[in-house]
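Going by the working numbering, 138 is the number at position 105 of the sequence shown; the sequence numbering is gapless. Where is the CB? At the ideal position from N, CA and C, for every residue including glycine. A quick note: this is a predicted structure, and the numbers were derived from the prediction, not measured. What follows is one structure encoded as structure tokens, with my remarks underneath.
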Amino acid sequence: MSGLAEAMPAYGSRDLALVRLVVGVLAMLCLVLAARYDPMQVASGDHLSWIGVSPGECPGCPLCGLSRGFSHGMRGEFGRASALNFAFWPVFLTVLFLAFQTPMALKSMLCREGNRR
């Protein structure tokens, strides 16, 4: 068993804080885009225009309605969001949780840097 433990790379709390920071920023970006574009703009694909993608007509997928659901959710229209996709609540709550990781990761990183000096 000790051979396996020695072979595993050692990740410190700084590495974990960096991962939390990156994931949190991505989650915040998702929420900002959902708040920026209304559900009709999302349905037409306008929410992807900022990266140069013009999807045209949606072919449908298992996540169908999730982007519009996020847009409704950021406007407080949770009934409409839930009706679009059954996975709205678990995914939305996960993204909210991940977005709240950003300030906690920053605090963790900054406090640790202050203790080193």
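Residue environment, residue i, which counts as buried when at least 16 other CB atoms sit within 10 Å
{"i": "residue 73", "result": "exposed"}
{"i": "residue 117", "result": "buried"}
{"i": "residue 132", "result": "buried"}
{"i": "residue 134", "result": "buried"}
{"i": "residue 43", "result": "Low local confidence applies: a pLDDT of 49 at residue 43 is under 50, so the model's placement there is unreliable, and no value is given."}
{"i": "residue 106", "result": "buried"}
{"i": "residue 47", "result": "exposed"}
{"i": "residue 112", "result": "exposed"}
Span of the alpha helix (DSSP H) around residue i
{"i": "residue 48", "result": "46-69"}
{"i": "residue 111", "result": "111-117"}
{"i": "residue 106", "result": "99-107"}
{"i": "residue 132", "result": "121-132"}
DSSP-derived helix/strand/coil call for residue i
{"i": "residue 76", "result": "helix"}
{"i": "residue 144", "result": "helix"}
Residue i at chain D interface by Cβ criterion, 9 Å
{"i": "residue 70", "result": "You won't find chain D in this structure, because it holds only one protein chain."}
Point to revise | Cβ contact (3+ pairs, closer than 8 Å) linking the segment 102-112 and the segment 130-141 | key: The segment 102-112 makes no contact with the segment 130-141, as fewer than three CB pairs between them are under 8 Å.
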